[in-house]
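J.: Protein chains in written order, with the numbering used here: chain A, 14 to 772; chain B, 14 to 772.
Glycine included, each C-beta is placed from N, C-alpha and C at the ideal position.
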């Protein structure tokens, strides 16, 4: 229930497993490649280690360049590879491809925060070794990655562990979802042995950000063994010899020049500070951290179909990948692979943050601070695009600079500005933290809101927003994308009401801070009124005949995608049809209008919402991994409970079962979050909005119960759904909540009959 | 009247003059760089020589690749540089940057088809040399480029002429109108001396097309001189020494592997075939050819403002750049530079061909045959884009493959298919050549017409065409671009009527040929009916309130471009604003809706046509060189005669005065044609359509008269406009024509009073 396991080594799946068994702590991530290698087979491991927020930059080439196209792209570089450690038994190298192993077992433990691997290995001499690995990326001291190897063998044991500073990032062919450019992103400055440790200083090739690694080998076995370091070009090899039993710990310290002015000094300092700390201490600190995490964020599911583990797996991966400071965020693949070059997208605000907001306000705030920190980039970018003012956040980035090389499904997705604002607003709704709103949130919200006045215009009494792309990238550069306009309306509404928001509060510091901000950025009531007018008159395309919201002004006039047998087989569409051919049809890569209704359902009448769901679901390919979870959540909302469960199952297993065939490139973090949201926002129907929080809980068929917690404005609320729906106010003042549309007062314990029926 | 001249050397303008003084014959083009170099200044000459239709291919990189993006781009390579010839006088190198020259004169002669340059040069010793150059690209034998140098000097004269096989194409920075990639496109296979000639065989680097050059030096002076050849790596230097007077002719033969299976053999053969032919013979053959050309195509203008020469200059440049065979076409810059990589665009069909169709049916047919020859590429491309059938011509190409690296202003411009069809239809209207229509034209027309059924669809009783880009690239990926739809309507109409077209003719061969075609490509009356239906129901966006045609469905709902002072100064827009910011405004790079009314005015009511002109003219930047001439022609049509003349003046001087500051990259061929069309289609109002030919002639203010000729269905008609309008049927049967909307019979001579008044 707290682990995913593998009891068999399938050599064809090792790259997928590298992603699945990644260990990370938000700062560092280490793919789960095998210390001892993959032996004689033709497996080329990826085995990358990454630091969140570290970036190099490579040029982007264009067949035809136009003004405002980014000239460079951030890339998350692979840092020094500290994973490898060849194992020799009586001089014979352990080779897993040979099939000489048995009793194989691998696990990723969400409660202990470790990954283990063990097996027996029969040598050519017929002797058997017992080999065991444990690894962790410490949540206690985020700069530390440790692995430990225990070997028992009646003979000579030799370990050849290495630290390789000669690393290159992967490149791949013509799949647009992978980066095209293969590049050496890190240069070695020095790699040396010092006081028995390996010291390595590197720098990113073009951005010249230094990154330090110190590796401390610790022999823990009783039998004395010899240890020897050899450094040859970019690789330091440490050879450890012993007899019968070796227990070796490799403790790796990582620092970077973004967070530390002298990362090397800091790295050495850290390695000294923790030199006396035992491995057991790291294990217990890890368990303590996770115990605290799960006590707030766990979702307990009692069911017979084993989904409990999968839900926890997805949630654990979010934890492992979430940047712990303002220098970092959550990349599309977390810290588990090189897909999408380690870039941060809207995924954070629309998928991961809604999850973290519920129970981890500190993590949520930290992720929002990253956006605040990069606001100056977004303001500069707005000017570069030709706008008079405001902020235009990059579609994909690490440093804060726009890195999208294809603007129709990049820069054109202006909705990211509303997505980010939405997340700041949601943070405010959860926490009522006026200091944060005044000092950071409001500036982001106002500057991004200004963009709508820049790109939109009043036409015949309506505010229209032309030439944008919505979340569904199978339609691009359209007018009045419903999702964009609905989000912009909400965004403008909140921004325009900021003066009111600060009017009645007692926090004078926040009030003064907000006033200072308005003076500094020239935001006044007159501008707020203009925002209000745009909000009020926002055009939301609706088709009276179909009774549904239109994805954009012209979407419904296009022909349906011809899902003939031949076409169907050519999936995903983006790999087989020119974008224009896809754009010209009613076909969706992912939820768009339906996603809007998940995020903002106030004022949407239910029949339209359901008709909209019905219409778009039929023409969505789910070629994006961001799609199924949203359809699942909205299937719950529309009362399609069985369908919701199918989407939920699809979502929780997407990576575990590698259903998109690209988990090898990294985990799909937005889907990981979406899988968990499928329970909280889906099955329990949780929503937060200007009017407070609400639920529409039901129990999926064959489940006995599920429960989870919500933190809301100083309160802790436990939600438990079984034959009855039970809300428990664990702490904080009573409050009104809405359950299935009815307002009720939550005070201590509230029981509601669970009478839902599937429609 | 038959020459452009320069009487002063302005060293800052030599690159512009290289383009202006290009000599070409449609097969080869040689930029007008100086044989003796530019001396000690920092001028880096371009000095390229090009063969029409020859191409190398280089990879296109994308920040993010998507299916159907071209992976390679054709490039017109520079071939061996045969222009250079250093001149030494008593050992002192002639250096024009030193200012030692006087009596400088340069000319390009449209009647003789030569370019000359002469000056006196004072050496450091104080002695004066008389130096003269004559060059021509032979229209008689298109593989030959010759230049001749005559020097008189009381002392030792030394010429160091070279053939350089180590050539590279230009690349340029961030101007999207220039190619981004600098590349070596030609490899030297051998360069040698043989029988006193220089033989050079090269090949394109990636496409491996061979290209041969043979250079024959001929000393024509009486005083015997010495001649010596040295070959050092990629350059063959021929040193010629003499006293007092040298007259040297450098005769260069060029062949290529596209047209000849063994281009080297052919090149050697040609050099032998013409070894006895005198320079004078080439001069007289050139003059004969041009005499024949001008006798048909000249536009005689009697006016005081000197426009006669400029009009002839523009027409002459079309002649120099028009590909003479099915292997080549007219590139955007002709053979005069490397802008746009030597690519062919829709420019040919919409600007150059309408001009050539009027008097040069052979040239016109040859250009159309290029499109027919590349039809298989276009059919393959249609499938690649995801269409079920039909042909989709490339937006830019040499070989026939799509080379556009930016599809929103490239592949999305589906109108090119109607543009090409329009030209085939126009050829048919001019020539009633049923054999050509049956054997070539119909196939192109039908296959391209099929594309409209692929990309369009019926919606609420109208045929709509979504996600395309019209001619105006300041708006992209829109629905129902008026130009595209009007052209598609016309195209579909003609294609659907092809069965009728062949029904009543007596040419049984053509009938059978058409029938064979229909069987081969599966075109039947049922499909023709579907085309007819799409034609009949074609949606042509119209705004009732404004009484104008809308550029597309949503164009008129966008805000106007803010032409504030600051914005105005940032011109052209494409170099200063992100495409999305431009797309989001009502602003045009070039004529779009207005162009449609030039090409197709049947069924357009005049008030709408004029209101449409008025509306769009105000918001057009003319950032494209294809714009002014069209606005000029339509200003004539709308009765804005003074305005028309302003546009005409702008157009004829665009290159001569380098008004777009990029003539150095090559001449703007579409504008060259448009400048001439401004007289014929503009001032005389000539149109050809399904109902025959028509005129609306008027005499621009201050002009005394103008006249030109039209060939139409076996007739030669002279049109002369002065105080009276005079049509003379020089040969052929009488015919009805329309003059100012009234049908009249043209038989021998027809006089019409010229009573036009400016509106």
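Measuring only the C-alpha atoms, how far is residue 738 (chain B) from residue 601 (chain B)?
T.: Roughly 36 Å separates the two Cα atoms.
J.: Which term fits residue 82 (chain B), buried or exposed, when burial requires 16 or more other beta carbons within 10 angstroms of its beta carbon?
T.: Residue 82 (chain B) is buried by the Cβ-count criterion.
J.: Does the beta carbon of residue 763 (chain B) sit closer than 8 Å to a beta carbon anywhere in chain A?
T.: Residue 763 (chain B) does not count as touching chain A.
J.: Using 10 angstroms around the beta-carbon of residue 734 (chain A), count the other beta-carbons present and answer buried if the total reaches 16, otherwise exposed.
T.: With 16 or more other Cβ atoms within 10 Å, it is buried.
J.: Residues in the same chain with beta-carbon distance under 6 Å from residue 319 (chain A), minus the five sequence neighbours each way, listed in chain order, please.
T.: Contacts found: none.
J.: Here's the rule: buried if 16 or more other CB atoms are within 10 angstroms of the residue's CB, otherwise exposed. What is residue 263 (chain B)?
T.: Under this definition residue 263 (chain B) is a buried residue.
J.: Can you tell me which of A:114, A:530, A:315 puts its alpha carbon nearest to the alpha carbon of residue 715 (chain A)?
T.: Measuring from the Cα of residue 715 (chain A), the nearest candidate turns out to be A:315.
J.: Helix, strand or coil for residue 625 (chain A) per DSSP?
T.: In this structure, residue 625 (chain A) counts as helix in the three-state DSSP scheme.
J.: Taking the DSSP output, what are the residues bridged to residue 133 (chain B)?
T.: B:115, B:143, per the DSSP bridge assignment.
J.: Taking a contact to mean a Cβ-Cβ separation below 8 Å, would you say residue 664 (chain A) touches residue 641 (chain A) in this structure?
T.: Yes; because the gap between Cβ atoms is below 8 Å, this pair is in contact.
J.: According to DSSP, is residue 756 (chain B) helix, strand or coil?
T.: Residue 756 (chain B): strand per DSSP, three-state reduction.
J.: Could one say the Cβ of residue 374 (chain B) lies closer than 8 Å to chain A's Cβ atoms, at least one of them?
T.: No, residue 374 (chain B) lies away from the interface with chain A (no Cβ there is under 8 Å from its Cβ).
J.: Between residue 194 (chain A) and residue 184 (chain A), what straight-line distance do the alpha-carbon atoms span, to the nearest angstrom?
T.: Note that residue 194 (chain A) scores 48 on pLDDT, short of 50, meaning its location in the model is unreliable; the coordinates nonetheless yield the value given after this. Distance between the alpha carbons of residue 194 (chain A) and residue 184 (chain A): 6 Å.
J.: Would you please verify whether the beta carbon of residue 615 (chain B) is less than 8 Å from any beta carbon of chain A?
T.: It does not: the Cβ of residue 615 (chain B) has no partner Cβ on chain A nearer than 8 Å.
J.: Here's the rule: buried if 16 or more other CB atoms are within 10 angstroms of the residue's CB, otherwise exposed. What is residue 138 (chain A)?
T.: Counting Cβ neighbours within 10 Å, residue 138 (chain A) comes out exposed, since fewer than 16 surround it.
J.: I need the DSSP call for residue 435 (chain A), collapsed to helix, strand or coil.
T.: The answer is helix: DSSP assigns residue 435 (chain A) an H, G or I state.
J.: Are the beta-carbon atoms of residue 493 (chain B) and residue 565 (chain B) separated by less than 8 Å?
T.: Closer than 8 Å, so yes.
J.: Are the stretch 128-142 of chain B and the stretch 58-72 of chain B touching, with three or more C-beta to C-beta distances below 8 Å?
T.: At 8 Å Cβ cutoff, the stretches do not touch.
J.: Would you report the Cα separation of residue 685 (chain B) and residue 332 (chain B), rounded to the nearest angstrom?
T.: Distance between the alpha carbons of residue 685 (chain B) and residue 332 (chain B) is about 10 Å.
J.: Alpha carbon to alpha carbon, what distance is there between residue 705 (chain A) and residue 659 (chain A)?
T.: Using only the alpha carbons, I get a separation of about 30 Å.
J.: For residue 250 (chain B), return the contacting residues in chain A, with the cut-off set at a CB-CB distance below 9 Å.
T.: By Cβ distance, chain A contributes nothing, its closest Cβ being about 38 Å from residue 250 (chain B), past 9 Å.
J.: Is there a Cβ of chain A sitting closer than 8 Å to that of residue 81 (chain B), yes or no?
T.: It does; some Cβ of chain A falls within 8 Å.
J.: Taking only beta-carbon positions, decide if residue 233 (chain B) is within less than 8 Å of chain A.
T.: No, residue 233 (chain B) lies away from the interface with chain A (no Cβ there is under 8 Å from its Cβ).
J.: With a cut-off of 8 Å, does the C-beta of residue 593 (chain B) fall near any C-beta of chain A?
T.: Judged by the 8 Å Cβ criterion, residue 593 (chain B) is in contact with chain A.
J.: Which partner residues does residue 471 (chain A) have in the DSSP bridge list?
T.: A:476.
J.: Among residues of its own chain, excluding the 5 on either side of residue 122 (chain A), which ones have a beta-carbon nearer than 8 Å to its beta-carbon?
T.: These residues qualify, in order along the chain: 15, 16, 128, 129.
J.: Verify the CB distance criterion: does residue 421 (chain A) have a CB-CB separation below 8 Å to chain B?
T.: Yes, residue 421 (chain A) counts as interfacial toward chain B.
J.: Residues of chain B with CB under 7 Å from residue 418 (chain A), in chain order?
T.: In chain order: 75, 76, 77.
J.: For residue 418 (chain B), is the classification buried or exposed, using 16 other Cβ atoms within 10 angstroms of its Cβ as the cut-off for buried?
T.: So residue 418 (chain B) counts as buried.
J.: CB-CB under 6 Å to residue 444 (chain B), same chain, minus the five flanking residues each way: which ones, in chain order?
T.: Counting only Cβ-Cβ distances below 6 Å, and skipping sequence neighbours, we find 374.
J.: Cα-Cα, which of A:448, A:228, A:220, A:454 is closest to residue 212 (chain A)?
T.: Among A:448, A:228, A:220, A:454, the Cα nearest to that of residue 212 (chain A) belongs to A:228.
J.: Which residue or residues does DSSP assign as beta-bridge partners of residue 269 (chain B)?
T.: Paired residue(s): B:224.
J.: Can you name the residues of chain B whose CB is closer than 8 Å to the CB of residue 398 (chain A)?
T.: Correct list: 590, 591, 593, 594.
J.: Examine the Cβ distances between the stretch 230-239 of chain A and the stretch 94-112 of chain A and report whether three or more of them are shorter than 8 Å.
T.: They do not touch, by the three-pair rule.
J.: Quick one: using the 10 Å Cβ neighbour count with 16 as the cut-off for buried, is residue 471 (chain B) buried or exposed?
T.: Under this definition residue 471 (chain B) is an exposed residue.
J.: Excluding five sequence neighbours on each side, which residues of the same chain lie with their C-beta closer than 6 Å to the C-beta of residue 241 (chain B)?
T.: If we look at residue 241 (chain B) and ignore the five residues flanking it on each side, its Cβ neighbours are 252.
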